[in-house]
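K.L.:
Protein chains in written order, with full-length UniProt numbering: chain A, 1 to 346; chain B, 1 to 346.
Sharing a structure, written as structure tokens. Questions coming.
2 protein chains.
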Amino acid sequence: MPSVQPLPSESEVLPQPYLLFLGDVTEPGYAKTAFGLRDWARERCVGEFACEAATVTTGLPFLTPVQAHAQGARTLVIGVANAGGVIPPQWIPGLVQALDAGLDIVSGMHAKLDEIPALRAAALRLGRKLIDIRRPPRGIAIASGRKRSGKRLLTVGTDCALGKKYTALALARAFAARGVDADFRATGQTGILIAGGGIPIDAVVSDFAAGAAEMLSPDAAPDHWDVIEGQGSLFHPAYAGVSLALLHGSQPDVVVVCHRPGRERVLGHADYFLPSIEETIELALRLGRRTQPAIRCGGVSLNTSHLDERDALRLFEAERERLGCAVADPLRGGAAFERLVTDCLA
Amino acid sequence: MPSVQPLPSESEVLPQPYLLFLGDVTEPGYAKTAFGLRDWARERCVGEFACEAATVTTGLPFLTPVQAHAQGARTLVIGVANAGGVIPPQWIPGLVQALDAGLDIVSGMHAKLDEIPALRAAALRLGRKLIDIRRPPRGIAIASGRKRSGKRLLTVGTDCALGKKYTALALARAFAARGVDADFRATGQTGILIAGGGIPIDAVVSDFAAGAAEMLSPDAAPDHWDVIEGQGSLFHPAYAGVSLALLHGSQPDVVVVCHRPGRERVLGHADYFLPSIEETIELALRLGRRTQPAIRCGGVSLNTSHLDERDALRLFEAERERLGCAVADPLRGGAAFERLVTDCLA
């Protein structure tokens with residue numbers, strides 16, 4: 001069973017293909033929804049669109065909404081995940097332009113599309129749909145802490161926006177390639193758009209966040225793996241609570257620690273230094289042990305998109321020796337990544 | 001300025017006095033809202049009411065809603081805080097009875113009163129109010145992690161429902177008695193009913209929970225203290241994420257660790273042993289240091305309501321020697337408590 005499937009349910013209701021909207025983003029880290037869809041659902045993206053102030057690009061063709069619609073696009077997907085999940089006023093004209101051109105809008109922001117009067121009015125007038133995918137399911141229970149059957153892997157990070165989702169997607173795909181029954185479990189809006197399901201864990205009321213994580217990876221066959229997309233960081237001044245709830249509720253057998261070499265400060269919180277990889281491993285295991293005493297670290301995933309191949313391979317080797325565990329960049333694949341996969345499954 | 005004031009704003013809209021409703025509760029730990037109001041707002045409570053199956057009592061006179069109304073009661077307050085904040089079907093007849101008798105209903109449960117058809121219909125028919133106080137304010141921002149002026153104390157626990165709110169209320173009152181400008185900051189429904197304000201932190205969407213904690217204790221005068229009611233426990237399999245968000249957002253200068261001697265397992269999660277007091281101090285300081293490097297432990301608060309005075313005093317002395325910090329039961333007061341207050345303010 002392939003681990004990353006085309007959307008099984010939501011895809012049937014989300015009109016496709018997509019035009020990716022980048023807002024006025026100048027920081028690539030905030031455009032991760034757009035990059036995620038480009039990288040993991042490329043066949044469903046016709047191009048990108050943005051405000052004039054944007055400097056970030058996915059590399060897909062820039063199309064106006066009218067051009068995109070002419071090329072088949074049916075939905076504009078807001079490809080931005082900014083702090084707070086807000087839709088700033090300067091995006092509204094572009095979004096209305098998309099509705100005018102015949103596109104529906106999909107958003108994973110906290111802000112709800114239909115609570116913005118200009119969008120609501122335009123959608124009503126034009127008969128367009130405004131679809132918010134960051135609404136958690138109803139009926140989430142308080143976490144029980146009960147041990148569930150099946151195996152689980154959770155990606156944890158030294159920070160936000162540095163590869164936890166990509167790592168989980170790549171590991172789920174690699175597990176499946178080795179004949180292991182595995183599911184990618186999405187916990188954020190991009191993952192949900194890619195996977196076609198999941199729970200936006202950071203949109204769940206905090207008392208229920210660990211319960212949502214339990215719900216997301218239910219009892220399964222003993223040799224089945226859920227590969228769960230991590231959120232935030234246990235060291236993040238705003239999101240650590242989300243990360244801890246996800247860690248406790250997921251009860252992972254294995255964590256893979258994700259980091260971007262060279263990043264020294266928390267994205268959007270420049271007063272905060274990043275923790276080291278060792279600190280992150282140690283704290284994730286210590287806190288995770290509370291609900292999963294057998295938790296272990298399967299290895300480290302480095303986001304090396306800013307390095308050339310030779311420097312990246314050298315870094316993997318040096319970090320592997322220093323940390324004493326498998327170190328790889330899942331997007332580079334190769335022997336290092338195969339070893340990471342092996343160690344996770346060991 | 002007294003630290004625990006009569007409700008300044010909500011009190012003017014919450015019709016008073018109260019009849020406390022105990023549902024069908026048989027576990028005293030779940031009736032903490034009723035006990036809290038009895039102990040900290042006694043003058044506003046005319047009595048208690050419950051389903052036949054209830055075995056817990058506040059010791060206040062049992063009154064039917066009709067009797068309570070005749071004695072001046074204007075509102076039935078749901079005095080129960082069960083896991084999940086649900087309103088079970090067996091409570092509905094009693095609640096409708098209260099509406100019939102002329103009482104409004106106040107609830108701090110997650111479940112919303114007006115989403116229960118029988119209550120909604122009865123309230124509409126009778127012109128009664130259904131008031132949910134567990135609705136967080138709008139406009140909560142993502143936590144910034146910025147250091148705020150003024151001083152803060154947070155109570156943290158080895159578990160839920162063992163004295164974090166009482167400890168914070170007693171400390172705020174003791175600070176005020178020493179002429180220290182202090183405010184009790186409520187984070188749960190009972191505290192909010194007592195204090196007349198606050199944010200129900202466990203009802204906030206998880207991404208915003210640390211931001212809500214920042215909002216709850218804003219910049220203040222350098223010698224002002226916010227005494228913040230803790231929630232859950234960093235070791236709780238369901239609520240640790242809430243506790244961590246509150247710890248990070250509160251940026252406490254001082255934590256006071258609360259425990260109930262003799263409790264060995266997590267309330268409602270009997271598979272989980274409680275952490276030791278030492279582990280709790282150590283983890284709170286370690287995690288709290290992330291947003292407040294100067295964090296320290298002011299001492300330990302023990303809930304000794306089940307011990308006689310002599311055993312309690314012996315225990316304080318033994319624990320003080322073992323732990324090397326002030327140990328007291330705020331509800332017993334005395335020299336031990338005065339020392340705890342002194343150490344917190346030191």
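In this text, a Cβ means the ideal position worked out from N, Cα and C, and glycines have one as well.
No experiment lies behind these values; they were computed from the predicted model shown.
Can you grab the Cα-Cα spacing for the pair B/A294 / B/P28, in whole Å?
P.N.:
Locating residue 294 of chain B in the second sequence gives position 294, counting from the first residue. Locating residue 28 of chain B in the second sequence gives position 28, counting from the first residue. Cα to Cα, B/A294 sits roughly 37 Å from B/P28.
K.L.:
When the Cα of B/G84 is compared with those of A/F208, A/S305, A/R152, A/E214, which residue comes out closest?
P.N.:
Stepping through the second sequence from its first residue, residue 84 of chain B is reached at position 84. Closest by alpha carbon: A/F208.
K.L.:
Buried or exposed for A/S149, please, with buried defined as at least 16 other CB atoms from any protein chain shown within 10 angstroms of its CB.
P.N.:
As a first step, residue 149 of chain A must be located in the first sequence, where it is residue number 149. Result: exposed.
K.L.:
Let's see if you can read the secondary structure: which residues bound the beta strand (DSSP E) around B/T75?
P.N.:
As a first step, residue 75 of chain B must be located in the second sequence, where it is residue number 75. Note, B/T75: beta strand (DSSP E), 75-78.
K.L.:
Can you tell me whether B/A346 is buried or exposed, with buried defined as 16 or more other CB within 10 angstroms of its CB?
P.N.:
The sequence position of residue 346 of chain B within the second sequence is 346, counting from 1. The residue in question, B/A346, is exposed, as its Cβ has fewer than 16 Cβ neighbours within 10 Å.
K.L.:
Excluding the 5 residues preceding and the 5 following A/R296 in the sequence, name in chain order all residues of the same chain whose CB lies nearer than 8 Å to its CB.
P.N.:
Locating residue 296 of chain A in the first sequence gives position 296, counting from the first residue. Same-chain partners within the cutoff: D253, V254, V255, L285.
K.L.:
Chain B partners of A/G145, CB-CB under 7 Å?
P.N.:
Locating residue 145 of chain A in the first sequence gives position 145, where the first residue counts as 1. Residues of chain B whose Cβ lies closer than 7 Å to the Cβ of A/G145 are, in chain order, P237, A238, H269, D271, Y272.
K.L.:
Mind checking if B/T26 is an interface residue toward chain A, Cβ cutoff 8 Å exclusive?
P.N.:
The count along the second sequence starts at 1 and reaches residue 26 of chain B at position 26. By this cut-off, B/T26 is not an interface position.
K.L.:
Are the CB atoms of A/L340 and A/A318 nearer to each other than 8 Å?
P.N.:
For this step, residue 340 of chain A is matched to residue 340 along the first sequence. For this step, residue 318 of chain A is matched to residue 318 along the first sequence. Contact flag unset, no.
K.L.:
If you follow the beta strand (DSSP E) that B/D104 is part of, which residue opens it and which one closes it?
P.N.:
The residue labelled residue 104 of chain B in the question sits at position 104 within the second sequence. Segment 104-107, the beta strand (DSSP E) holding B/D104.
K.L.:
Quick one, are the C-beta atoms of B/G94 and B/T33 less than 8 Å apart?
P.N.:
Start at 1 with the first residue of the second sequence, and residue 94 of chain B comes out as number 94. Start at 1 with the first residue of the second sequence, and residue 33 of chain B comes out as number 33. Cβ atoms of B/G94 and B/T33: not closer than 8 Å.
K.L.:
Please list, in chain order, the chain B residues whose beta carbon lies closer than 8 Å to that of A/S107.
P.N.:
By 1-based counting over the first sequence, the position of residue 107 of chain A is 107. In chain order: nothing, as chain B lies at least about 15 Å away.
K.L.:
I need the straight-line Cα distance from A/D226 to A/I194, nearest angstrom please.
P.N.:
Within the first sequence, numbered from 1, the residue matching residue 226 of chain A stands at position 226. Within the first sequence, numbered from 1, the residue matching residue 194 of chain A stands at position 194. Looking at the two C-alpha atoms, the distance is approximately 16 Å.
K.L.:
Starting from the beta carbon of B/S206, find every residue of chain A whose beta carbon is closer than 8 Å, and list them in chain order.
P.N.:
If you number the second sequence from 1, residue 206 of chain B lands on position 206. Per Cβ cutoff of 8 Å: I201, D202, A203, V204, V205, S206, A209, G241, V242, A245.
K.L.:
Would you mind stating whether A/I133 and A/Q189 have Cβ atoms separated by less than 8 Å?
P.N.:
Within the first sequence, numbered from 1, the residue matching residue 133 of chain A stands at position 133. Within the first sequence, numbered from 1, the residue matching residue 189 of chain A stands at position 189. It is a contact, given that the beta carbons lie within the stated cut-off.
K.L.:
Could I get the ranges of all uninterrupted beta strand (DSSP E) runs contained in the stretch 17-45 of chain B, with 3 residues as the minimum, in chain order?
P.N.:
18-21
K.L.:
Could you give the distance in angstroms between the alpha-carbon of B/L153 and the alpha-carbon of A/V156?
P.N.:
Counting from 1 along the second sequence, the entry for residue 153 of chain B is found at position 153. Counting from 1 along the first sequence, the entry for residue 156 of chain A is found at position 156. The alpha-carbon atoms of B/L153 and A/V156 are separated by roughly 30 Å.
K.L.:
For B/C51, which of helix, strand or coil comes out of DSSP?
P.N.:
The residue given as residue 51 of chain B occupies position 51 in the second sequence. Three-state DSSP puts B/C51 in coil, outside helix and strand.
K.L.:
So, helix, strand or coil for B/S217, using DSSP?
P.N.:
The residue labelled residue 217 of chain B in the question sits at position 217 within the second sequence. Reduced to three states, the DSSP call for B/S217 is coil.
K.L.:
So does the stretch 297-314 of chain B actually touch the stretch 264-273 of chain B, counting three or more Cβ pairs closer than 8 Å?
P.N.:
no
K.L.:
Which chain B residues are close to A/T291, counting only those with a beta carbon under 8 Å from its beta carbon?
P.N.:
Mapped onto the first sequence, residue 291 of chain A falls at position 291. By Cβ distance, chain B contributes P237.
K.L.:
Note down, in chain order, all residues in the stretch 74-108 of chain A with a beta-carbon under 8 Å from any beta-carbon belonging to chain B.
P.N.:
Within the stretch 74-108 of chain A, the residues whose Cβ lies closer than 8 Å to some Cβ of chain B are A83, G84, G85, listed in chain order.
K.L.:
In terms of alpha-carbon separation, which member of A/A111, A/A98, A/A70, A/P65 lies closest to A/A81?
P.N.:
Sequence index remark: in the first sequence, residue 81 of chain A carries index 81 (1-based). With distances taken between Cα atoms, A/A81 lies closest to A/A111.
K.L.:
Would you decide whether A/K164 is buried or exposed? Buried here means 16 or more other CB atoms lie within 10 Å of its CB.
P.N.:
Counted from its first residue, the first sequence places residue 164 of chain A at position 164. Per the 10 Å Cβ criterion, buried.
K.L.:
Work out the CA separation of B/G288 and B/L76 for me, nearest whole Å.
P.N.:
As a first step, residue 76 of chain B must be located in the second sequence, where it is residue number 76. As a first step, residue 288 of chain B must be located in the second sequence, where it is residue number 288. One C-alpha to the other measures close to 39 Å.
K.L.:
With 8 Å as the threshold, decide whether the Cβ of B/A141 is near any Cβ in chain A.
P.N.:
Locating residue 141 of chain B in the second sequence gives position 141, where the first residue counts as 1. Yes, because at least one Cβ of chain A sits closer than 8 Å to the Cβ of B/A141.
K.L.:
Could you give the first and the last residue of the continuous alpha helix (DSSP H) run that contains B/I194?
P.N.:
Residue numbering aside, residue 194 of chain B sits at position 194 when the second sequence is read from its first letter. Boundaries of the alpha helix (DSSP H) harbouring B/I194: 189-195, taken from the DSSP string.
K.L.:
At which residue ranges does the stretch 252-295 of chain A contain complete beta strand (DSSP E) runs of 3 or more residues, listed in the order of the chain?
P.N.:
Entirely contained in the stretch 252-295 of chain A, the beta strand (DSSP E) runs reaching 3 residues are, in chain order, 254-259, 269-273.
K.L.:
Would B/A213 and B/I201 qualify as a contact pair, given that the criterion is a beta-carbon distance under 8 Å?
P.N.:
For the purposes of this step, residue 213 of chain B is taken as the residue at position 213 of the second sequence. For the purposes of this step, residue 201 of chain B is taken as the residue at position 201 of the second sequence. Inclusion of B/A213 and B/I201 in the CB contact set at 8 Å is warranted, their separation being smaller than that value.
K.L.:
Report the rounded CA-to-CA distance for B/M1 versus B/R173, giving the unit in angstroms.
P.N.:
As a first step, residue 1 of chain B must be located in the second sequence, where it is residue number 1. As a first step, residue 173 of chain B must be located in the second sequence, where it is residue number 173. With a pLDDT of only 26 at B/M1, under 50, the local geometry of the prediction cannot be trusted, and the value read off the model is given with reservation. Cα to Cα, the separation comes out at about 10 Å.
K.L.:
So is A/H259 in contact with chain B if we call contact Cβ pairs under 8 Å?
P.N.:
Here the question's residue 259 of chain A lines up with position 259 in the first sequence. Chain B, which has no Cβ nearer than 8 Å to the Cβ of A/H259, makes this no.
K.L.:
Leaving out five residues before and five after A/E48 in sequence, what residues of the same chain have Cβ atoms less than 8 Å from its Cβ?
P.N.:
Numbered from 1 along the first sequence, position 48 holds the residue referred to as residue 48 of chain A. Exclusion of the five residues before and after A/E48 leaves L19, L20, F21, L22, A34, T57, T58, L60, P61, F62, L63, G79 as the residues of its chain whose Cβ lies within less than 8 Å of its Cβ.
K.L.:
What is the rounded straight-line gap between the Cα of A/G191 and the Cα of A/D24?
P.N.:
Start at 1 with the first residue of the first sequence, and residue 191 of chain A comes out as number 191. Start at 1 with the first residue of the first sequence, and residue 24 of chain A comes out as number 24. Distance between the alpha carbons of A/G191 and A/D24: 22 Å.
K.L.:
By DSSP, does B/V227 sit in helix, in strand, or in coil?
P.N.:
The residue given as residue 227 of chain B occupies position 227 in the second sequence. DSSP places B/V227 in strand when its eight states are reduced to three.
K.L.:
Hey, A/A118 and A/H69: beta-carbon distance below 8 Å or not?
P.N.:
The count along the first sequence starts at 1 and reaches residue 118 of chain A at position 118. The count along the first sequence starts at 1 and reaches residue 69 of chain A at position 69. No, the Cβ-Cβ distance between A/A118 and A/H69 is not below 8 Å.
K.L.:
Between A/H248 and chain B, is any beta-carbon pair separated by less than 8 Å?
P.N.:
Residue mapping note: residue 248 of chain A aligns to position 248 of the first sequence, counting from 1. Closer than 8 Å to some Cβ of chain B, the Cβ of A/H248 qualifies, so yes.
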